[in-house]
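Residue numbers (the working numbering), protein chains in the order written: chain A, 2 to 332; chain B, 2 to 332; chain C, 461 to 711; chain D, 461 to 711; chain E, 7 to 309.
Every residue gets a Cβ at the ideal spot worked out from N, C-alpha and C, and that includes glycine.
Okay, so here's the structure we're looking at.
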Amino acid sequence: MTLSQTNTDRLGDAGGFDFKRLLLSRELIVGVMILITAIAATMLSPYFLTTANIKNVVIGMSIEMIVAIGLTIVLLSGGIDLSVGSVVALSAVVIALAFNAGLSIPIAIAAGLCAGVVVGVVNGYLIAYVGLNPLITTLGTMTIFRSAVYILSGGYAMSSIPGSFKALANGDLLFGLPNLVVLVVVLIVLFHMAMWQNVWFRKFAFLGGSEMAALRAGINVKRLKLMGYVICSVLAALGGVVVVARLGSAFPNTATGMELRVITAVIVGGCSIYGGRGTVLGAALGVLFLALVNNILVLNAVSVYWQGVASGCVLILAVLSDAIINRGKRS
Amino acid sequence: MTLSQTNTDRLGDAGGFDFKRLLLSRELIVGVMILITAIAATMLSPYFLTTANIKNVVIGMSIEMIVAIGLTIVLLSGGIDLSVGSVVALSAVVIALAFNAGLSIPIAIAAGLCAGVVVGVVNGYLIAYVGLNPLITTLGTMTIFRSAVYILSGGYAMSSIPGSFKALANGDLLFGLPNLVVLVVVLIVLFHMAMWQNVWFRKFAFLGGSEMAALRAGINVKRLKLMGYVICSVLAALGGVVVVARLGSAFPNTATGMELRVITAVIVGGCSIYGGRGTVLGAALGVLFLALVNNILVLNAVSVYWQGVASGCVLILAVLSDAIINRGKRS
Amino acid sequence: MTAPNKVVEMTGIEKRFGPVEVLRGVDFELYENEVLALLGDNGAGKSTLIKTLSGYYQPDAGQIQIGGQAVSFGTPHEARDHGIETIYQDLALFDNLDVAANVFAGKEKVGGGWRKMLGFVDRKAMRNEAREAVSQMAINIPRIDQEVSAFSGGQRQCVAIAKSVMWGRKVVIMDEPTAALGVRETGKVLDLIRTLKSHNLSVIVIMHNIEHVMEVAERAIVMRSGTRRGTVNLNGPQDRESHDEIVKMLM
Amino acid sequence: MTAPNKVVEMTGIEKRFGPVEVLRGVDFELYENEVLALLGDNGAGKSTLIKTLSGYYQPDAGQIQIGGQAVSFGTPHEARDHGIETIYQDLALFDNLDVAANVFAGKEKVGGGWRKMLGFVDRKAMRNEAREAVSQMAINIPRIDQEVSAFSGGQRQCVAIAKSVMWGRKVVIMDEPTAALGVRETGKVLDLIRTLKSHNLSVIVIMHNIEHVMEVAERAIVMRSGTRRGTVNLNGPQDRESHDEIVKMLM
Amino acid sequence: ADVSDQKYVMVVPISGHPFWVPIRQGAQDAADQLGVQFEFTGPVEFDNIATQNQMEQIALTQPSAFLTGAFDPSMSETIKRVTEMGVPVATFDSDAPDSPRITFVGPDHYNVGFQYGKKIVELLQGQGKEEGQIGLLTAINQTNLQVRIQGLKDYLSANAPAYEVVAIEDNQGDDQITAERTKTMLLGNPDIDGLVVINATGTGVATALTELGRKGEVMVVASDVFDPIVCGIKDGAIQTTSAVNTYLEGFLALKLAYEYVNNNLDGTPGADVGVSVLPPKIDPGMFFITKENADSFLVGSCS
Ligand SMILES: Nc1ncnc2c1ncn2[C@@H]1O[C@H](COP(=O)(O)OP(=O)(O)OP(=O)(O)O)[C@@H](O)[C@H]1O
Ligand SMILES: Nc1ncnc2c1ncn2[C@@H]1O[C@H](COP(=O)(O)OP(=O)(O)OP(=O)(O)O)[C@@H](O)[C@H]1O
Ligand SMILES: [Mg+2]
Ligand SMILES: [Mg+2]
């Protein structure tokens with residue numbers, strides 16, 4: 002019984018790939034639901050499986066995708082951010098103002114992103130360093146920055162956006178793929194890989210798993226939390242950049258209520274609101290799933306009043322599927 | 002060292018009343034904030050401290066007060082209910098339909114409350130017995146029942162409400178106090194006492210403190226959860242009754258967004274979104290506080306664009322005060 | 461002398477979690493008014509076995525009989541109704557509540573008179589009884605009305621023990637009750653187990669410390685890798701033979 | 461033979477939580493390459509004392525010196541940077557993660573080559589090292605890639621121990637490391653403590669079991685009600701005199 | 007007489023919305039001309055309960071008059087209450103005919119819808135289409151838009167039954183959502199050749215048509231006048247937008263309230279026996295903005 006004697010044989014190992022676990026993974030469940038939805042949609046409407054419609058769905062959800070990435074990070078780390086919708090609008094208005102002032106495209110974009118950094122630092126500082134409740138804090142900053150949007154824009158919708166800027170969003174530089182789609186895919190892949198593999202980004206999952214354990218494990222919890230909110234706000238601000246480029250205008254009411262829509266999608270994609278569980282890919286699939294459901298309802302001209310019933314039921318079914326498949330596994 | 006030997010002397014006791022703890026209690030902090038706000042308001046506006054204004058504020062917030070009581074119970078037990086706003090509208094529309102059908106006042110009220118029971122049972126069943134995520138589930142039912150409201154009402158506002166019903170809400174049968182105020186105060190006192198003292202209602206706090214411990218302590222966790230959602234929805238439906246009686250009409254988009262407003266107030270009043278902490282009195286004070294802040298802003302004609310900034314800052318200050326006063330105590 | 465009655469009899473209990481087979485057909489019996497020790501190395505399945513008895517887990521196969529009657533517990537609630545009270549290894553306290561609330565959780569005392577009608581609880585009586593209960597363990601608790609999250613490891617354990625002792629009517633199950641306790645406090649808890657026996661209850665106690673087992677238990681069941689390895693009858697602290705037999709089974 | 465150096469010296473440490481005075485001026489010293497046992501009844505303040513050393517609590521009064529230098533830790537992060545690694549009594553594991561993630565939390569291994577540039581972690585290496593680490597304790601763990609929330613009490617404790625052993629560079633603090641462990645596993649952990657010593661580390665170990673203390677520790681500090689009651693030098697398991705002295709101090 | 011301490015308060019829901027900007031401007035201009043104070047307020051949400059609470063609270067400060075829109079029949083009760091408190095109410099944009107409001111300045115929304123119908127049919131006929139499918143975009147939570155839809159449908163069934171509404175979608179008042187819903191609607195109903203936007207989300211529709219490359223192919227009648235919509239017209243994505251003269255709504259509502267408050271019209275025969283001294287309804291008129299006259303409505307600039 003010397004110390005070097007190991008009995009690794011008793012420590013069962015997955016031996017490479019764990020298929021069972023993969024099968025029950027949330028991403029796959031949502032993936033399957035997307036597939037089923039898509040098949041159903043194809044049968045229900047001849048227009049569903051057309052390039053134009055697919056492109057429409059993908060471009061339509063691009064802003065929510067970008068916002069969803071940031072929200073995944075915040076939710077995973079055990080927080081919540083309700084101010085994302087306001088940040089989208091704030092960034093949009095700041096960019097429009099920058100163009101009004103005759104600034105160049107890169108500077109206007111930078112100004113928009115800076116607005117994101119400001120909100121992120123405010124949120125993060127209050128939550129991480131002062132220790133305030135994230136829900137209330139970001140509800141407060143959501144209100145404050147929406148007001149800032151009204152004050153900055155004077156309530157007007159602004160539309161003096163240079164055509165070359167609009168072309169950025171609506172063009173297709175790469176293999177004929179719309180630029181927006183390329184941007185979104187790149188962001189998703191980058192952030193998914195980072196959250197999964199990068200030593201720094203992985204700390205968010207530890208933080209969300211147990212803040213106390215993270216603190217005791219020597220993670221600089223406060224700084225990490227702050228950074229989470231900053232990343233989330235900067236991504237939301239990027240969403241604002243895209244809004245302006247796509248619509249060619251900055252409307253002060255832009256993205257009202259977006260926060261709840263995106264949080265829903267992220268949770269459908271497997272993120273826990275209590276932190277510690279969730280992936281960027283899952284969140285993206287969640288957004289895609291809800292976008293598809295919407296698409297079907299509109300394509301088939303379901304009455305607006307019944308659309309709410311349908312999408313509410315789908316939402317519940319989405320979490321139900323998870324509950325049924327993983328019954329007994331968690332509890 | 003016999004077993005009967007006790008050393009109770011070593012177990013320090015509060016010896017009656019614990020003043021320090023009372024001082025730091027959330028209710029008192031909010032109470033003080035309300036006092037400060039009220040004093041500031043009196044100095045800022047000559048109209049604040051008039052019977053008419055006070056009556057206005059109190060009647061204006063009565064619906065949110067009623068909804069807040071139910072939400073406190075759900076939040077305390079570790080859940081959340083986003084469907085309350087839809088339930089208010091649903092109950093209002095059901096009552097209006099009942100009147101349209103020529104039914105009597107008591108039956109119309111019963112029909113409205115029944116709508117609440119239905120939503121509560123649906124929410125509670127899905128969350129407690131099927132084990133779905135409360136946020137998503139109630140977001141789903143919020144959407145579904147809001148659609149139901151549109152379908153039932155055809156999208157139009159209904160206003161054939163008997164005058165005697167309106168008189169119920171707008172009258173003052175008792176000592177000249179408006180009936181609505183009497184109703185709200187009675188409900189708050191009843192539920193506060195019950196949550197604090199009644200052996201059955203106290204179980205909600207245990208459930209919210211730790212679901213697993215509650216289960217192991219032999220509490221019928223599922224049934225209790227279900228009951229929490231039912232109580233919450235019935236109270237929201239009662240809110241719908243009050244809406245119809247007060248406004249004399251049922252409007253399909255009544256109370257949109259109310260859920261977030263009330264949840265905010267409840268949290269400002271000391272409820273934890275993670276469950277286990279909070280009182281009905283605190284929630285009521287939270288609603289009162291936010292209503293007062295709104296009243297000041299309106300009375301002093303603060304620009305709409307700046308109202309958001311002001312109320313956002315007040316929100317953050319409200320949680321900040323708690324963080325500062327209890328610094329180090331919790332962490 | 462008649463053969464003693466079995467209060468609990470479990471036969472062929474199997475339990476698996478996904479691919480992991482945790483209990484592979486365990487038989488278990490507890491006699492009336494007996495203190496039984498359950499031993500076994502880490503991960504042997506002791507906690508899982510008693511959790512199936514306390515209704516927290518449902519076995520995949522096997523029977524449970526209480527007082528000769530077949531039962532099947534869906535929730536701990538039902539086991540509690542049969543007079544079985546359990547201290548779990550992870551204690552499962554309400555961190556945000558004080559000692560009295562923890563001890564009385566789910567079974568709070570209703571006051572007399574008008575309070576009874578309204579179902580109002582009697583805080584004072586509960587606090588006094590809770591203080592009485594924890595003081596039996598000679599534990600040093602600075603303030604009884606403090607949230608238990610602030611308590612030391614040993615203090616928390618004593619709160620859990622107080623609770624089970626107060627509520628057990630037929631069987632008290634203790635999963636490593638003295639793990640976090642000091643020498644003096646452990647002595648008190650061993651005393652407490654003897655008192656329970658003297659009140660005609662049966663006790664199942666899981667412990668890793670064989671000396672302590674020898675002090676209180678009359679019989680020991682040893683588990684290993686989800687099976688029952690063997691049983692030893694114990695005859696007090698001086699019984700070297702049984703001691704060695706247990707050690708042999710454990711190694 | 462020169463007097464041994466002090467790795468850690470704490471003087472006059474005081475700590476209160478609200479009205480409760482938990483530490484009332486405690487002096488504490490740890491010598492280089494020493495195994496020190498910290499004893500005391502429940503609620504004596506042992507855990508609180510070592511938490512002030514590991515940066516989890518900040519003392520209200522008193523000095524801490526590490527290797528002769530005055531330090532003041534604001535967070536566990538800073539203590540860790542000084543080579544102090546701690547197993548807390550409540551373990552503080554990440555319940556939703558597996559063994560490897562728990563062992564490497566906050567200090568994950570970055571792979572080589574292109575992975576290094578991207579800061580990508582090396583899961584395989586981490587899993588192997590984690591397996592190696594827990595296997596030193598002879599613990600029976602069915603699947604190493606399972607969430608630790610499913611683990612038994614002893615298995616969880618071993619994961620925590622593996623973690624501290626892997627990361628300690630100067631001082632390893634263990635708060636009741638063997639509380640949940642079986643006989644065999646406890647033996648392994650005691651072996652492990654000896655190995656740490658042989659690697660020139662100093663170890664502070666909190667334990668209630670005096671026999672185990674006698675087996676591994678060279679010196680014991682006994683606490684009582686937030687003060688230091690006394691110190692005993694130990695000379696191996698057979699040293700009855702020291703044993704009795706400790707028992708006397710504890711009672 | 008010195009009227010500089012007279013205060014006229016405009017209360018509206020979703021007060022941050024650009025829709026109110028011209029109305030507010032009109033009222034402000036009238037106030038400046040008359041030398042009285044004007045104040046604009048209201049909750050940022052679309053919440054009738056909050057709006058009414060706010061109005062009753064402000065009534066306590068005894069402003070000279072309220073200017074508000076009745077977006078909900080229950081507004082009648084509130085108008086009655088504040089009038090009883092001594093504050094007269096002039097309504098604009100949406101009327102509460104059974105309330106004691108002193109006047110209403112605003113369009114007949116049913117007629118607005120009717121005009122939409124006329125316009126879209128005209129546009130489609132201009133393209134040589136003898137029959138056609140029409141899609142509508144609206145926000146279902148703005149229930150006052152229902153009347154416009156009714157007017158539109160009635161026009162079609164009465165005057166141009168060959169043209170039919172085949173889809174109605176909820177755009178939640180958001181241009182992003184409008185863009186996506188419009189595209190989907192057009193893809194799902196490829197035969198739609200005309201769109202009517204009932205609320206102020208023309209920008210989203212313009213974006214949708216641009217992205218689908220169907221600019222100028224699908225006829226669009228939008229609502230309201232904002233720079234992005236006007237730019238959409240100049241760009242050719244939108245054919246026309248209906249402009250109710252909302253500036254006049256604000257201007258006249260304030261001016262009439264002023265006359266009422268200062269008893270300037272008490273000479274009206276019968277005023278003493280309850281004859282309304284103000285006209286009960288004033289229609290500020292509506293017109294359509296097209297490429298030709300778009301430039302006059304641009305506040306800023308297009309790209
Ligand atoms: N919920 C679960 N899911 C998966 N595996 C589990 C679960 N609960 C227990 N196990 C596994 O079952 C085995 C037995 O666990 P159990 O807790 O019963 O052990 P034990 O005998 O009480 O050990 P200890 O002395 O360490 O407390 C362990 O290997 C553990 O990992
Ligand atoms: N955060 C806290 N707030 C209030 N009191 C505390 C807190 N932490 C510890 N205490 C109290 O301080 C005293 C010492 O606790 P500590 O955990 O240091 O004891 P210990 O010696 O480790 O005991 P054990 O052997 O039971 O683990 C206890 O009475 C405990 O209730
Ligand atoms: Mg166990
Ligand atoms: Mg301790």
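Cut-off 6 Å between Cβ atoms - residues of its own chain near residue i, not counting five sequence neighbours on either side
i: A/THR38; result: LEU293
i: B/VAL68; result: VAL85, ALA237, GLY240, VAL263
i: E/ALA228; result: VAL203, GLY208, ILE235, ILE244, THR247
Proximity of residue i and residue j at Cβ, strictly below 8 Å
i: A/LYS189; j: A/LEU208; result: It should be pointed out that residue 189 of chain A corresponds to Ile in this sequence rather than to Lys. The answer is no: Cβ separation not under 8 Å.
i: A/SER334; j: E/GLY194; result: Outside the modelled stretch of chain A, which goes from 2 to 332, sits residue 334 of chain A, for which no answer is possible.
i: C/LEU498; j: C/MET683; result: yes
i: C/GLY503; j: D/ILE599; result: yes
i: B/GLY141; j: A/ILE81; result: no
Within-8 Å CB hit, residue i to chain D
i: A/LYS226; result: no
i: A/ARG333; result: Here chain A covers residues 2 to 332 and nothing more, so residue 333 of chain A does not appear.
i: C/LEU641; result: yes
7 Å Cβ cut-off: residues of chain A touching residue i
i: D/VAL570; result: VAL200
Test: residue i CB closer than 8 Å to a CB of chain E
i: B/ASP10; result: Any reading at B/ASP10 must be qualified, since the residue scores a pLDDT of 37, below 50, and its modelled position is unreliable; the value itself is stated next. So no, B/ASP10 is outside the interface.
i: B/ALA158; result: yes
i: B/THR265; result: no
i: B/SER84; result: no
Below-8 Å beta-carbon distance, residue i vs any chain C residue
i: D/ILE601; result: yes
Proximity test, residue i beta-carbon vs ligand 5 heavy atom, cut-off 7 Å
i: D/ASP635; result: The ligand content of the structure shown is limited to ligand 1, ligand 2, ligand 3 and ligand 4, which means ligand 5 is not among them.
Same chain only: Cβ atoms within 8 Å of residue i, ignoring 5 sequence neighbours per side
i: B/LEU133; result: LEU127
Chain-ordered neighbours of residue i on chain D, where CB pairs are closer than 9 Å
i: A/ARG203; result: ALA561, GLU568, VAL581
Within-8 Å CB hit, residue i to chain B
i: E/GLY32; result: no
i: A/GLY329; result: Because the pLDDT of A/GLY329 is 49, which lies under 50, any placement of that residue in the model is unreliable, and the number read from its coordinates should be weighed accordingly. For A/GLY329, the answer is no, since every Cβ of chain B falls outside 8 Å of its Cβ.
i: A/TYR334; result: Not covered by the structure: residue 334 of chain A. The range shown for chain A is 2 to 332.
Contact set between residue i and chain C, taken where Cβ atoms lie within less than 8 Å
i: B/ALA214; result: ALA552, LEU553, PHE554, ALA565
Cutoff 8 Å: residue i Cβ touching any chain A Cβ
i: E/PHE293; result: no
Chain A residues whose Cβ lies nearer than 8 Å to that of residue i
i: D/ARG540; result: GLY219
Cβ-based neighbour list, residue i, same chain, cut-off 7 Å, excluding 5 preceding and 5 following
i: E/ASN117; result: GLY157
Any contact between the region 192–202 of chain B and the region 541–553 of chain C? By contact I mean 3 or more CB pairs, one from each, below 8 Å. no
Answer yes if the region 288–306 of chain A comes into contact with the region 98–106 of chain A, meaning at least three C-beta pairs across the two stretches below 8 Å, and no otherwise. no
Taking one C-beta from the region 103–123 of chain A and one from the region 271–284 of chain A each time, how about it: are there three or more such pairs within less than 8 Å? no
Sufficient close CB pairs (3 or more, under 8 Å) joining the region 571–587 of chain C to the region 631–649 of chain C: no
Between the region 167–177 of chain A and the region 519–534 of chain D, do at least 3 Cβ pairs fall closer than 8 Å? no
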